[in-house]
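See structure below.
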Amino acid sequence: MWVSNKISQLRNNFWVLWFVILVIVFLIHCLTLTVSPTIWQDEVQIIDYGRTFLNSNTDWGMNWDIANNRPYLTLFFLGCLVQELAFKATHFSIVGPRIVSLIGASLAATTTMGYLSSRQVPLKIAALLGLALLLDPLFVQSYRGDRIDCWVIAICFAACWLLRLSIDSIHNHQSNLVPVSLAGSLSVIAVFIWPSALILYPLILVELLSLLYVTTKGTDSLTSGVQLIAIFAGAVIITGILIIITITGQLGILVSNFLEFTSERVGGFGLSAIINLFVSFKNSPFLPLLAVISCISRRDKALLIASLFALSLVLNSGVYVHRVIYLLPYFITLSSELYRQDKKS
């Protein structure tokens, strides 16, 4: 009992320390948040997507469909809407949306730490890798510039974390209905924040398959497996329907704009795409190198396959900095394999 209390106390103290670290990083960013970077194209377009979602009959916009004389509307509106509301709440100051992105980045680092810890990575190592994400130059460039990729990464890591916690629930003979359904809901919410969330779906699938494997090892393996898939799929469908209900009046236009946009972006890749990928990491090569070392020394085949599939998605959908950052979660998870402690040992 005394040992258990000590462990619990240490964990509580650790979370206090973690919160203090996040606050310090947050305050340091706030010192220059209004001047660096200067207001740039992506954040203006993201906020404008939120504005035109609320007022689709507007006669002006940064994202304008000249052929149909109306604004381009985005099917994946949740993140843009939040940034527009933050912009209005701070009296049309760029500070509001940038603070929202800072909060999202802090949450991404936290869910990274929680997820890695649930994979039997020592808590201190998990925290260091969470900080590595928060301070990575590519990721900093994204959330400092008001982009919402940080929220996507935070939510997808949260879904993976919940699926890992569901495995612990099975081992402790507890119900996993709530964490599995929440993981399914978060998976859908992530893609409606920003469509690049699809790049992180293979990682969620890896954790879902791991949970399915543990679930089907019991006596009623088939029944348990079917129930698990039903819970996850049911949460996905219900959450998706609830989100789509809010946009039924504009659904045709939204889908049309999305198909037009993606048709211009998707295509094969060549040597230039590979070169751009390497160039993207010129200022932060450590996580990719650590991930490669991990793949050589300790392989998780499912994680490796998911990572390679995600890499192919990035290469085929246009390689640029703000899409490449969706590989960071894979690099961090692969890197954590070097430090993972199996329960048997």
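The numbering used here puts the first residue of the sequence shown at 674, with every later residue one more than the last.
Even for Gly, the Cβ is constructed at its ideal location relative to N, Cα and C.
Predicted model only: the values in this text are computed from it and were never measured.
Within a Cβ cutoff of 6 angstroms, which residues of the same chain sit near residue i, ignoring the five residues on either side of it in sequence?
{"i": "ILE872", "result": "ALA983, LEU986 and TYR999"}
{"i": "THR785", "result": "GLY803, LEU806 and PHE830"}
{"i": "LEU854", "result": "Just to set this straight, residue 854 is Ser in the shown sequence, not Leu. Here the set comprises ILE904 and ALA908."}
{"i": "GLY787", "result": "TRP834"}
{"i": "SER1018", "result": "In this predicted model, SER1018 has a pLDDT of only 43, less than 50, meaning its place in the structure is not dependable; the value taken from the coordinates is given anyway. Excluding positions up to five away in sequence, the list is empty."}
{"i": "ALA832", "result": "ALA856, LEU859, SER860 and ILE877"}
{"i": "ALA799", "result": "MET786, LEU789 and SER790"}
{"i": "ALA964", "result": "PHE1004, LEU1007 and SER1008"}
Taking the alpha helix (DSSP H) that residue i belongs to, which residues open and close that run?
{"i": "HIS995", "result": "994-997"}
{"i": "PRO1002", "result": "1001-1009"}
{"i": "GLY723", "result": "714-727"}
{"i": "ASN949", "result": "944-953"}
{"i": "SER980", "result": "974-989"}
{"i": "LEU873", "result": "From DSSP, LEU873 is part of no alpha helix (DSSP H); its letter is neither H nor E."}
{"i": "LEU915", "result": "894-918"}
{"i": "GLY752", "result": "751-762"}
Indicate the three-state DSSP secondary structure (helix, strand or coil) for residue i in the structure shown.
{"i": "ARG792", "result": "coil"}
{"i": "TYR1012", "result": "coil"}
{"i": "ASP841", "result": "helix"}
{"i": "TRP867", "result": "coil"}
{"i": "LYS1017", "result": "With a pLDDT of only 49 at LYS1017, under the threshold of 50, the placement of this residue in the model should not be trusted; the figure read from the coordinates follows. Residue state, collapsed to three classes: coil."}
{"i": "PRO961", "result": "helix"}
{"i": "ARG817", "result": "helix"}
{"i": "TRP824", "result": "helix"}
{"i": "ARG971", "result": "coil"}
{"i": "PRO810", "result": "helix"}
{"i": "PRO744", "result": "strand"}
{"i": "TRP737", "result": "strand"}
{"i": "ILE767", "result": "coil"}
{"i": "LYS797", "result": "helix"}
{"i": "SER854", "result": "helix"}
{"i": "SER774", "result": "helix"}
{"i": "LEU704", "result": "coil"}
{"i": "ASN686", "result": "helix"}
{"i": "LEU885", "result": "helix"}
{"i": "ASN956", "result": "coil"}
{"i": "GLN847", "result": "coil"}
{"i": "THR784", "result": "helix"}
{"i": "SER709", "result": "coil"}
{"i": "ASN730", "result": "coil"}
{"i": "GLU933", "result": "helix"}
Under 8 angstroms by Cβ, that's how I've got residue i and residue j pegged, so tell me the actual separation to the nearest angstrom.
{"i": "PHE1084", "j": "LEU748", "result": "Absent from the model: residue 1084. The displayed extent of the chain is 674 to 1018, so no value can be given."}
{"i": "ILE767", "j": "ASP819", "result": "7 angstroms"}
{"i": "TYR1003", "j": "LEU801", "result": "Not confirmed; about 17 angstroms, so no contact."}
{"i": "LEU1001", "j": "LEU960", "result": "6 angstroms"}
{"i": "SER980", "j": "LEU1007", "result": "6 angstroms"}
{"i": "SER869", "j": "ARG996", "result": "6 angstroms"}
{"i": "ILE776", "j": "ILE828", "result": "No, ILE776 and ILE828 are not in contact; Cβ-Cβ is about 13 angstroms, not under 8 angstroms."}
{"i": "THR725", "j": "LEU746", "result": "6 angstroms"}
{"i": "ALA863", "j": "VAL825", "result": "5 angstroms"}
{"i": "PRO744", "j": "ARG817", "result": "In fact, because the Cβ distance is near 27 angstroms, the residues do not count as touching under 8 angstroms."}
Quick check: residue i and residue j, are their CB atoms within less than 7 angstroms of each other?
{"i": "SER815", "j": "ASP822", "result": "yes"}
{"i": "THR921", "j": "LEU901", "result": "no"}
{"i": "GLY991", "j": "ALA908", "result": "no"}
{"i": "LEU884", "j": "SER953", "result": "no"}
{"i": "LEU835", "j": "SER779", "result": "no"}
{"i": "SER967", "j": "LEU789", "result": "no"}
{"i": "ARG1021", "j": "GLN718", "result": "Look at the range of the chain in this structure, 674 to 1018, and you will see that residue 1021 is not part of it."}
{"i": "ALA762", "j": "GLY769", "result": "yes"}
{"i": "SER897", "j": "ARG837", "result": "no"}
{"i": "ALA975", "j": "VAL861", "result": "no"}
{"i": "ALA759", "j": "VAL773", "result": "yes"}
Grab me the residues of residue i's own chain with a C-beta within less than 7 angstroms of its C-beta, minus the 5 sequence neighbours each way, in chain order.
{"i": "VAL994", "result": "LEU811, GLN814 and SER953"}
{"i": "VAL928", "result": "LEU748"}
{"i": "PRO795", "result": "TYR1012 and GLN1014"}
By Cβ distance, which residues of its chain are closer than 8 angstroms to residue i, with the 5 residues on each side in sequence left out?
{"i": "SER842", "result": "SER848, ASN849 and PRO852"}
{"i": "MET735", "result": "VAL717, GLN718 and ASP721"}
{"i": "ILE917", "result": "LEU924"}
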